[in-house]
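Below is one structure, written out as structure tokens; the observations come after it.
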DNA sequence: GACGAATGGATAGCGGCACTCTCCGCTATC
DNA sequence: GATAGCGGAGAGTGCCGCTATCCATTCGTC
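Residue numbers (my numbering), protein chains in the order written: chain A, 185 to 382; chain B, 185 to 382.
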């Protein structure tokens, strides 16, 4: 309960409707918002500052949907503070070029490409200089997943909370995918072992 | 530099070879280890305690490879402190059953299934009670990715550092996949838009 | 209408964690 | 022989996510 007071102070939750100077009323929407905050923090690993940033965008009523999606995407895709290896940056560039528009992406230097470059830099730094070769199969698998994601968003109806659905789908989706990847490792390696010594 | 002294104290880095009581020599292996620690922390988001745990297993010389892989997997797959929704647990159970051995997985209650249940619980709590329906396409995509992962490990040669390669591949891979997923979203949504109004 | 419990609001404090600072004794170097 | 720098150990710092305390008010109920 003191945590809720804290979130209120931090502006993560809207204040309740004051029925009297020391009595506020909270409805389902407040509860829902609280659960959203907890989900973003616990599963998505967002900091309070980032959650506030995201919620601000979610709550913005004017502004185009497209612009809001972009802003939120950037907010929830913050790269770590890894110094970028120029070679890794080149790898990212090559990858982006390879899958460039019209059917690909041509995103210049967003947080997403930064993330990717940071991860590949880290890989290089520990002696895995060819990790970028895995990017193409990764994209192949991720295209299937991305299609499922878009389907999911679309079927939820293009209501007012598309942005919210996207945030949830992205962050909780990341966590789910982490787990599913590990399960897939077990499944595939079992199949390989079965085929091999068979 | 004081950070390195700190890591030494915390047992994340092995002490250098003392050439004299106050002069230690550090070779490439030490540097490599340092970079590994930084990568696990900055990209993998591991805490110092978890890094130590992982490194302990990596450094263990005896013990079977299989057992070490399992231990490390558990260490780098720690779920958040989310209370589990029984319905979400049921969803996970159903998913596991659906893809059960011999070609699937039958992992009982490991950290991985915990992670999955936690994520689905969070989804439910924010009103996404049907998120588990996305699990099958997720697995389909992840199987492609998992195959690439195993290929990668295999082609790196079954040297002494398989566990290390697995840790790196898993954690840095997670970060890479996060980024690639976002790029795939952009790519696929562009394709859909192109097909739709076409 | 009196009284204890509870609420809203604000301020200060706590605990964990990843560092960082400082001091000490020593020794390689000039 | 002065001094700069190292290794080692303990205490201190800053941030962040809470948590505890305090006060005035007011709701419940008797």
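Ideal placement from N, C-alpha and C gives every residue a C-beta, glycine not left out.
- Here residue 250(A) carries a helix assignment [DSSP, helix/strand/coil].
- Interface annotation for the stretch 330-341 of chain B against chain A: 330, 331, 332, 333, 334, 336, criterion Cβ-Cβ distance under 7 Å.
- Proximity of the stretch 230-248 of chain B to the stretch 263-278 of chain B falls short of the contact definition, fewer than three beta-carbon pairs being nearer than 8 Å.
- Close to residue 200(B), with beta-carbon spacing below 8 Å, lies no residue of chain A; the smallest spacing is near 20 Å.
- In this structure, DSSP gives residue 262(B) a state outside helix and strand, which the three-state scheme calls coil.
- Against chain B, a Cβ distance below 8 Å from residue 220(A) picks out 310.
- With 16 or more other Cβ atoms inside 10 Å of its own Cβ, residue 332(A) counts as buried.
- Non-local C-beta neighbours of residue 308(B) in its own chain, meaning closer than 7 Å and more than five positions away in sequence, comprise 269, 271, 272, ordered along the chain.
- At a C-beta separation below 9 Å, residue 265(B) has these neighbours in chain A: 226.
- By the CB criterion at 8 Å, residue 312(B) and residue 330(A) fall outside the cutoff.
- Counted as a single uninterrupted DSSP element, the alpha helix (DSSP H) harbouring residue 297(A) occupies residues 295-309.
- Taken atom to atom, the span from the alpha-carbon of residue 249(A) to that of residue 360(B) is near 27 Å.
- Look at residue 299(B): its C-beta is under 8 Å from a C-beta on chain A.
- Beyond the five residues adjoining it in sequence on each side, residue 299(A) comes within less than 7 Å, by CB distance, of 261, 263 in the same chain, given in chain order.
- Taken in chain order, the unbroken stretches of alpha helix (DSSP H) that lie wholly in the stretch 307-374 of chain A and span 4 residues or more are 319-339.
- With a threshold of 8 Å between beta carbons, residue 321(B) makes contact with chain A.
- When 8 Å is used as the limit between beta carbons, residue 252(B) is near no residue of chain A, the shortest such separation being about 15 Å.
- In the DSSP assignment, residue 209(B) falls within the beta strand (DSSP E) that extends over 207-209.
- Between the alpha carbons of residue 214(A) and residue 197(A) lies a gap of roughly 7 Å.
- Legend: CB atoms of the stretch 338-372 of chain B lying less than 7 Å from CB atoms of chain A belong to residues 352, 356, 358, 359, 360, 361, 362, 363, 364, 365, 366, 367, 368, 369, 370, 371, 372.
- Annotation: the continuous alpha helix (DSSP H) that includes residue 215(B) extends over 212-226.
- With fewer than 16 other CB atoms across the displayed protein chains lying within 10 angstroms of its CB, residue 202(B) is exposed.
- Within 10 angstroms of the beta-carbon of residue 314(B) lie fewer than 16 other beta-carbons, which makes it exposed.
- By DSSP's assignment, residue 204(B) forms a beta bridge with 207(B).
- Interface criterion met: the Cβ of residue 216(A) is under 8 Å from a Cβ in chain B.
- It is roughly 24 Å from the alpha-carbon of residue 334(A) to the alpha-carbon of residue 226(A).
- For the pair residue 364(B) and residue 224(A), the CB atoms are not nearer than the 8 Å cut-off.
- Contact check for residue 238(B) and residue 259(B): beta-carbon distance about 5 Å, within the 8 Å limit, so the pair qualifies.
- A direct Cα-Cα distance of roughly 14 Å separates residue 303(A) from residue 294(A).
- Straight across, the Cα-Cα distance linking residue 281(B) with residue 185(B) is about 51 Å.
- Within the model, the alpha-carbon separation for residue 277(A) versus residue 320(B) is close to 32 Å.
- Per the coordinates, the alpha-carbon of residue 339(A) lies some 38 Å from the alpha-carbon of residue 306(A).
- Around the beta carbon of residue 357(A), 16 or more other beta carbons sit within 10 angstroms, so the residue counts as buried.
- By the C-beta density criterion, residue 283(A) is buried, having at least 16 other C-beta atoms within 10 angstroms.
- Burial state of residue 190(B) is exposed, judged by a 10 Å Cβ sphere holding fewer than 16 other Cβ atoms.
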